[in-house]
Amino acid sequence: MGEQQVDLPVREGVAFDGERPVFETAKVPLYTILQYFLDGLTIEDFLSDYPTIDRASLERGIAYIILQLGYQPEVPEEFHW
C-alpha cells in the first residue's frame, strides 16, 4: 500500500517552470505536511516550498489530517448546551 496523500487544489494561473500547465490538484503526501509541523515549520514555510498550493487548500488539508487522527479539541464548559 502506498503512502496516503491528500489532493490540494492549486491556484489558478500558476505554472510549473513557467511552461508546463498546472493540474487541477496537486498530490501532497500527508507525511510531508505533518513533517513540516513536526520540524517546527509554519504554514508560510510550506506555502513558500509549494507555491502552487493556496492557503485555503492547505488549511483544508490540515483539517482533514486532524479529523483523520481523531483529534477533538476540548470545548470550554460555557459552550456546552
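My numbering puts the first residue of the sequence shown at 43, with every later residue one more than the last. Heads up, the beta-carbon is just placed ideally off N, CA and C, and yes, glycines get one too. Please read all numbers here as calculations on a predicted model, not as lab measurements.
>> In whole angstroms, give me the CA-to-CA distance for residue 91 and residue 119.
In response: If I take the Cα positions, the gap works out to 40 Å.
> What are the uninterrupted segments assigned as alpha helix (DSSP H) that are 4 or more residues long and contained completely in the region 86 to 110, given in chain order?
Replying inline: 97 to 110
>> I'd like the list of long-range same chain contacts for residue 97, defined as Cβ closer than 8 Å, with 5 residues on each side in sequence excluded.
In response: 85 and 89
> Would you call residue 75 buried or exposed, if buried means 16 or more other Cβ atoms sit within 10 Å of its Cβ?
Replying inline: buried
> If we ignore side chains and look at the alpha-carbon of each, how far apart do residue 116 and residue 106 end up?
Replying inline: 18 Å
>> Considering Cα atoms alone, identify which of 103, 112 and 109 is closest to residue 72.
In response: The residue with the shortest Cα to Cα distance from residue 72 is 103.
>> Check for me: the alpha helix (DSSP H) holding residue 74 runs from which residue to which?
In response: Note, residue 74: alpha helix (DSSP H), 72 to 80.
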